[in-house]
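Chemist: Residue numbers (my numbering), protein chains in the order written: chain V, 873 to 1265; chain U, 32 to 393.
Glycine included, each C-beta is placed from N, C-alpha and C at the ideal position.
Keep in mind the model is a prediction, meaning the values are calculated, not measured.
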Amino acid sequence: MAVHSPQIYLDHAATTPMVQPAIDALTAQILKTGNASSLHSTGRSVRKELEEARESIAKAASCAAIDVIFTGTGTEANNLAIKGLFWLAAKAGKKVIITSTFEHHAVMDPIKWLQDHEGATVIEIPVSKTGSLDLTTLQKVVDQHRAQIAFISIMHSNNEIGTLQPIEQVVKIAGDIPVHTDAVQSFGKVDFNFNALGLTAATISAHKVGGPLGVAALILKKGLNIEPVLHGGGQERDIRSGTFNAPGIIAFAAAASNAIAQMNARDTKIRALKSLLITKVLGAVPDAWVNGQSENSLPGVVNITFPGTDSEGLLLLLDMEGIACSTGSACSAGVHRPSHVLMAIGLSEDETTSSLRFSLGDSNTEAEIDKLALVIASVVEKSRSAANKKVFK
Amino acid sequence: MSAKLKVIAAMSGGVDSAVAAARAVEAGHDVIGVHLALSSNPQKYRSGARGCCTVEDSHDARRAADVIGIPFYIWDMAEEFHAGVVENFLSEYQAGRTPNPCLRCNEKIKFEAVLVRAKALGFDAVVTGHYAITKEVDGVKTLNRAVDPGKDQSYVLAVLTQEQINGAIFPLGDTVKDDVRIEAQRRGLFVANKPDSHDICFVPSGDNAGWLRERLGSEVGPIVDQSGKELGQHNGAYTYTIGQRRGLNLTVPTPKGEPRYVLSIEPKTNTVVVGTHEALAVNKIVGQPPIWCGPTPEINKVYKGFAQVRAHGEPLPTQYRFDGIHLIADLDQPVFGLATGQALVIYDNDRVVGSATISETF
């Protein structure tokens, strides 16, 4: 069966097309010879551009250039922050980790690993039905365990429902406890100021802001000598080893600068599209609802539950209509999982598997939203009858 | 093939379903590949690539779909599979019967849960890599043996109702397995030389008795002869199969020194009854409930046909009749070592008449 091409791409939170400045930077850089760690002039010339890129990214994230540690992926940066901060604190006997109930797997799973293998005690702070961290509980937990807490890791915005988290208050409550935030979805889309927030560590990634895949960064306050996860040449402050991905890093900087320059205009445009999507989809499917409040949130992310459907069927039917969206996370074999994020905000397992995430980006248009609105009712109806007829459910 | 249909190709990750999907595309159908995830944790049931529910298999299915050029999705059928196949497998053994899980999987998953979902989503049929042939006779779609007697799977499909057969497409029935592998090679499907799956896909080790013992316990009980005399002990009656000769560990010989076989399993008393080979002879088989793959036979009319009682068993000449509740086969020659719980499948030459789960033997 011919897949409709080009698809209406409503999955920008998964990854978004590269922007022209990043493509230009990448293609120019990839033609150049030189290892940025080499001491000769060929190497130094690449290093110069790489350091300029580091400075642009630092500017975009409002941190010092030396705080930026380049990694291969956001997952790697999260692992580095979480394991590194834990091992550092554990030396002083601090083994309690505070996190939320709806982090990305790239935060949740390394924390779980520390619990299973390194004797960490994990306390998960609940979130409200609207998708915001419960600060009262956080305050209580921090007061109770302050001396034992290794670090706090709370995402800057949720990747499935888009809600922004009160990181400023988290840092206030934390006091001198290190705070890490996974800002992969926020960076370049909403205000993110590492220094002003008073963070210890933050994760950002290139491909979510129009940069290439395979490059990300951990922003880590200078002077914090955490244990590396990868051992080797020690290229990044002896905290991360591996040959510099100079073309990727330079393209990342181009994308980040572009994202910051365009942020306000994009915010206005994409928020308008999101509210159009919500109005039209809920108009077509009146018993559907939006998960998490949609105001204090990422401009382009909206998660909708279509009761009585199953998301596998919804995704297949929309895909056949030429519309790409997401059902949340899947395991390595590709099996859909009930979303822990939606469970955390109080949905039942059945409701979580009846939900879709639409995430909008620069390329989307009103006409595309109209097309979605045109087909969604019949897609939902078909999926409902498929789900209802499931034999053992 | 006739009109252009919208079909779901169930792709296990093996060579047969891959070639079946490719042939469906070539026949002009709109094909979407679907891999069924049958375990909520795909590594749980089996590691390695012999079964049909591993990460490797879903990867192989995806790559086959890429080569064929069709969309590909994973459908999570773990809950349905557990309820319809795994739990049934356990409860049948607990009741002293010997179930055939592949047959249940066809009945409850591939041509029930999947077909129903496919139809609701707007598809017309499900394509699988089973070796069987469907033919229209007088406007009725019938199920028939495949041309490759070594691969014929009409036995495990004999649980399909007329409606399910109408919604099934088996593109491989006219081809022998060796040619399917050659065709896979020609089509650039790298699963061409992947070994056939054997055993039971949800028993990771292949050790059926051990798997059952783990779940059902291993309560020691008596092994007795037909007069009730205790000859030894066993570790869990359900791990024995009717007709089994090995592994009984009996020290008391028969008067004539003949080997002993398992004759019956009595779960209520946790007893295994053994006896001589002649005592295994079965002349009459009663099964229920019957499933008719084609027209329902007239009640109490005696027909001539063939009975098959194992997946690759011999067709046994028989007379059969339907008494309104049971399917009854009177075999021309006795068959030895037949377990209740297995399927009795009746053939009219190569055509599958219907099937029933064996409830009694005489």
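1. Alpha carbon to alpha carbon, what distance is there between U:GLN350 and U:ASN148?
2. Tell me whether U:ASN380 is buried or exposed, calling it buried when 16 or more other Cβ atoms sit within 10 Å of its Cβ.
3. In the region 1179 to 1191 of chain V, which residues sit with their C-beta less than 8 Å from some C-beta in chain U, listed in chain order?
4. Could you tell me whether the Cβ atoms of U:ILE387 and U:LEU369 are closer together than 8 Å?
5. Between the region 86 to 118 of chain U and chain V, which residues of the former have CB atoms less than 7 Å from a CB of the latter, in chain order?
6. So, with DSSP's three-state summary, where would you put U:PRO132?
7. Rounded to the nearest angstrom, what separates U:GLY372 and V:THR1002 at their Cα positions?
8. Give me the subset of the region 1245 to 1258 of chain V whose CB atoms are less than 9 Å from a CB atom of chain U, sorted by chain position.
9. Kindly indicate if chain V contains any beta-carbon less than 8 Å away from that of U:LEU191.
10. Report the residue ranges of all alpha helix (DSSP H) runs contained in full by the region 332 to 388 of chain U; include only those spanning at least 4 residues, in chain order.
11. Distance, Cα to Cα, U:ARG212 vs U:SER228?
12. Can you tell which of V:VAL1051, V:VAL940, V:GLU923, V:PRO1119 has its C-alpha closest to the C-alpha of V:SER972?
13. Sort V:LEU1232, V:ILE1241, V:ARG1256 by Cα distance to V:ALA886 and report the nearest one.
14. Are the C-beta atoms of U:ASP379 and some chain V residue less than 8 Å apart?
15. Measure the CB-CB distance between U:THR307 and U:ALA268 and report whether it falls below 8 Å.
16. Hey, could you find the ends of the beta strand (DSSP E) V:ASN1065 is sitting in?
17. Where does U:GLU261 sit, in a helix, a strand or coil, going by DSSP?
18. Does the Cβ-Cβ distance between V:GLU1032 and V:ASN1175 come in under 8 Å?
19. For V:ALA937, which residues of its own chain have a beta-carbon under 6 Å away from its beta-carbon, when the five flanking residues on both sides are left out?
20. Please list, in chain order, the residues of the region 151 to 165 of chain U that have any C-beta partner in chain V closer than 9 Å.
21. In angstroms with no decimal places, state the Cα-to-Cα distance between U:SER258 and U:VAL304.
22. Looking only at its chain, what residues have a beta carbon closer than 6 Å to the beta carbon of U:VAL50, apart from the 5 residues adjacent to it on each side?
23. Curious, which full-length beta strand (DSSP E) runs of at least 3 residues does the region 154 to 224 of chain U contain?
24. Relative to chain V, which residues along the region 54 to 74 of chain U have a C-beta separation below 7 Å, given in chain order?
25. Give every residue of the same chain whose Cβ lies closer than 8 Å to the Cβ of V:ILE941, excluding the five residues on either side of it in the sequence, and list them in chain order.
26. With a threshold of 8 Å between beta-carbons, can U:CYS83 be considered close to chain V, or not?
27. By the 7 Å beta-carbon criterion, what residues does the region 1208 to 1228 of chain V contribute toward chain U?
28. Candidates U:ALA41, U:ILE99, U:LEU247, U:LYS260: which alpha carbon is nearest U:ARG146's?
29. Closest to U:VAL340 by CA distance: which of U:PRO235, U:VAL117, U:ILE356, U:VAL317 is it?
30. Can you list, in chain order, the residues of its chain with a C-beta nearer than 8 Å to that of U:THR192? Leave out the 5 residues immediately preceding and following it.
31. Could you check if U:ILE395 is buried or exposed, using at least 16 other CB atoms within 10 Å of its CB as the buried criterion?
32. Nearest CA to the CA of V:VAL843: which residue from V:MET890, V:SER1220, V:GLY1185?
33. Just to confirm the assignment, what range does the beta strand (DSSP E) spanning U:ASN314 have?
34. Check for me: the beta strand (DSSP E) holding U:GLY252 runs from which residue to which?
35. At what residue ranges does the region 1005 to 1066 of chain V contain a whole run of the alpha helix (DSSP H), taking only runs of 4 or more?
36. Exposed or buried, what is U:ARG277 when buried is set at 16 or more other beta-carbons lying within 10 Å of its beta-carbon?
Modeler: In this structure, then:
1. The identity of residue 148 of chain U in the sequence shown is Arg, whereas the question assumes Asn. Roughly 38 Å separates the two Cα atoms.
2. exposed
3. GLU1184, GLY1185, LEU1187, LEU1188, LEU1189, ASP1191
4. Sequence check: residue 387 of chain U is Ala here, not Ile. No, Cβ-Cβ distance for U:ALA387 and U:LEU369 is not below 8 Å.
5. VAL86, SER89, ILE101, PRO102, TYR104, ILE105, TRP106, ASP107, GLU110, GLU111, ALA114, GLY115
6. helix
7. 53 Å
8. LYS1254, SER1255, ARG1256, SER1257, ALA1258
9. no
10. none
11. 14 Å
12. V:VAL1051
13. V:LEU1232
14. no
15. no
16. No beta strand (DSSP E) contains V:ASN1065, which DSSP labels as neither H nor E.
17. strand
18. yes
19. ARG926, GLU927, ALA930
20. ALA151, LEU152, GLY153
21. 9 Å
22. VAL211, GLU214, ALA215
23. 156 to 158, 164 to 168, 171 to 175
24. ASP61, VAL62, ILE63, ALA68, PRO73
25. ALA949, LEU952, ALA1089, LEU1090, ILE1091, LEU1092, GLU1108, ARG1109, ILE1111, ARG1112
26. Low per-residue confidence applies at U:CYS83: pLDDT is 42, beneath 50, and the placement is therefore not dependable, though the value from the model is reported in the following sentence. Not one chain V Cβ lies under 8 Å of U:CYS83.
27. HIS1208
28. The sequence shown places Leu at residue 146 of chain U, not Arg. Here the closest residue by C-alpha is U:ALA41.
29. U:VAL317
30. ILE322, TRP323, CYS324
31. Nothing can be reported for residue 395 of chain U: it is not among the residues displayed for chain U, which extend from 32 to 393.
32. Only positions 873 to 1265 of chain V appear in the structure, and residue 843 of chain V is not among them; the question remains open.
33. 312 to 318
34. 251 to 255
35. 1007 to 1017, 1039 to 1046
36. exposed
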